[in-house]
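What follows is a set of notes on a single structure, which appears directly below.
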Amino acid sequence: MQKSYGVTDEAARLIPLGATEEELWEIFNIMYDEIQEGEELYVDITHSLRNIPIQMLSVIAYARVLKNVEVKGIYYGAFEAGTRNQDGMTEAPIFDLLTFLDILDWSQAANSFVKFGNSDEIKALCEAQKEKGNKDLRKVVSDLSEITQGLETSRGCYAPDKGSVGAGVSAMKSCRSYTESYEIMRKKEKKAQKKLIDPLGKLFDIINDKLKVFDVEDNLAFGLAAIDWSIENKKTQQGFTALDETIKTYLCRRYGLDEYLELHREGICKHICILFEKELQEMKDSQLVYSEEGRGKVYRKWEEASAHMAAQEREAARRLSMELPPVLPQISNEIGSRRNSMNHFGFSNINQFSCQKLYKDLRACNDKFREAIVLMENGAEE
């Protein structure tokens, strides 16, 4: 077994055999310590034995993060594939394996998107690596970035006739743009009888599967998908925002109100939910509040504060008041307090919510909302 001894040549280091886990870590540390901050690395693995190439790859990945190094090439001299030239000398091809390091980067970036809904790494790689020369790929990645940024900044409203057509204004619009640009890229590749680097193409297949949830036609369906996306990717704040607004969208659509009009979203749907919760806090009797008489009382209170509303709007508000299931005002109130707590950095509530409770409550409120939709739709059928 070889042991590590001090040597005078700064470019040479002896390493142990690697027969134990302790020796494997010693090899890792020796290689890592030789790399300096900000260096350009040219790696030759031609004469590496056994585990060394794999360890070298892990050292490179580690050093790129911690020491900001740039790998310019990973070379292997394939002597066994060599041929003799006319002078009797063996000429062997030298393979540059750097592309496979790129594939590792793309895999990690795709994993970040699939598991956490983040496309920043994909965009950064597209801008930094060889693929930036592919104009169509850049457009696809740009649209993908707009989708995730749109979801993170709660761009859930798509209104083509009301200005929601600009880049990044609507996450639904970005999803449609992504689908179009991806199909264009694929068609061009097919026509030119070429295709995206095969592993990269497979990664985009996974990304496309992940995005299928947003292949919808209206704001309500997109809102429901955005809530599920937020829960799956642990985007708690965005999830509460999407849930709060999607409840209003559902009520607007059910009662023939304009889902784009704040007067209808806030002045009717939200206001009536608030009035029911206030009545419940005062009366302390859910059956009384949601009796026919109690519902009529809530409607009259709303009507007194909304004298400016047209007859059609008042009729929609009356129907909403008489049919609204108790769970919707309840979760609307819960969503509001938690959303405010997050939007105000935790300073808006006397009772502080833990991050774990906020996520748990998001899932619970979403489940109750879906149950309320089923209840109301079944009631409509009866």
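Numbering (the numbering used here), first residue to last: 193 to 574.
Glycine included, each C-beta is placed from N, C-alpha and C at the ideal position.
Less than 8 Å divides the Cβ of residue 210 from the Cβ of residue 243.
Residues of the same chain with a CB within less than 7 Å of the CB of residue 408, apart from the 5 flanking positions on each side, are 414, 417 in chain order. Under the 8 Å Cβ criterion, the segment 426-442 does not count as touching the segment 311-319, having fewer than three qualifying pairs.
For residue 308, the uninterrupted alpha helix (DSSP H) run begins and ends at 290-308, by DSSP. For residue 294, the closest C-alpha among the options 307, 276, 264 is that of 264. Secondary-structure assignment with DSSP links residue 233 through a beta bridge to 263.
Residue 437 carries a helical assignment under DSSP once its states are collapsed to helix, strand and coil. Non-local beta-carbon contacts of residue 207 in its own chain, meaning distances under 6 Å to residues more than five positions away in sequence, involve 219, 222 in chain order. Pairing residue 270 with residue 229, the inter-Cα distance amounts to about 31 Å.
According to DSSP, residue 283 shares a beta bridge with 275. DSSP, reduced to helix, strand and coil, places residue 448 outside both helices and strands of the structure shown, so it counts as coil. Residue 520 is a Cβ neighbour of residue 439, given a cutoff of 8 Å. Ranked by Cα distance from residue 284, the first of 290, 291, 275, 292 is 275. Between the alpha carbons of residue 557 and residue 487 lies a gap of roughly 23 Å. Under the 8 Å Cβ criterion, the segment 340-354 counts as touching the segment 362-376, having at least three qualifying pairs.
When rounded, the separation of the alpha-carbon atoms in residue 484 and residue 533 is 34 Å.
Proximity of the segment 464-484 to the segment 548-557 falls short of the contact definition, fewer than three beta-carbon pairs being nearer than 8 Å. Cα atoms of residue 446 and residue 426: separation of roughly 30 Å, rounded to the nearest angstrom. C-alpha of residue 528 to C-alpha of residue 419: approximately 15 Å in a straight line. If you look at residue 553, you'll find it in the alpha helix (DSSP H) that goes 547-573. Taking 8 Å as the cut-off, the beta carbon of residue 248 is found closer than this to the beta carbon of residue 235. Take the alpha-carbon of residue 377 and the one of residue 216: they are about 45 Å apart.
Per DSSP, the continuous alpha helix (DSSP H) segment holding residue 257 begins and ends at 244-258. In the three-state reduction of the DSSP assignment, residue 269 falls in the strand class. DSSP places residue 379 within a helical segment (H, G or I) once states are collapsed to three.
For residue 486, the enclosing alpha helix (DSSP H) stretches over residues 484-497.
Taken in chain order, the whole alpha helix (DSSP H) runs of length 4 or more contained in the segment 324-377 are 327-344. Taking C-beta atoms as the reference points, residue 289 and residue 266 count as a pair closer than 8 Å.
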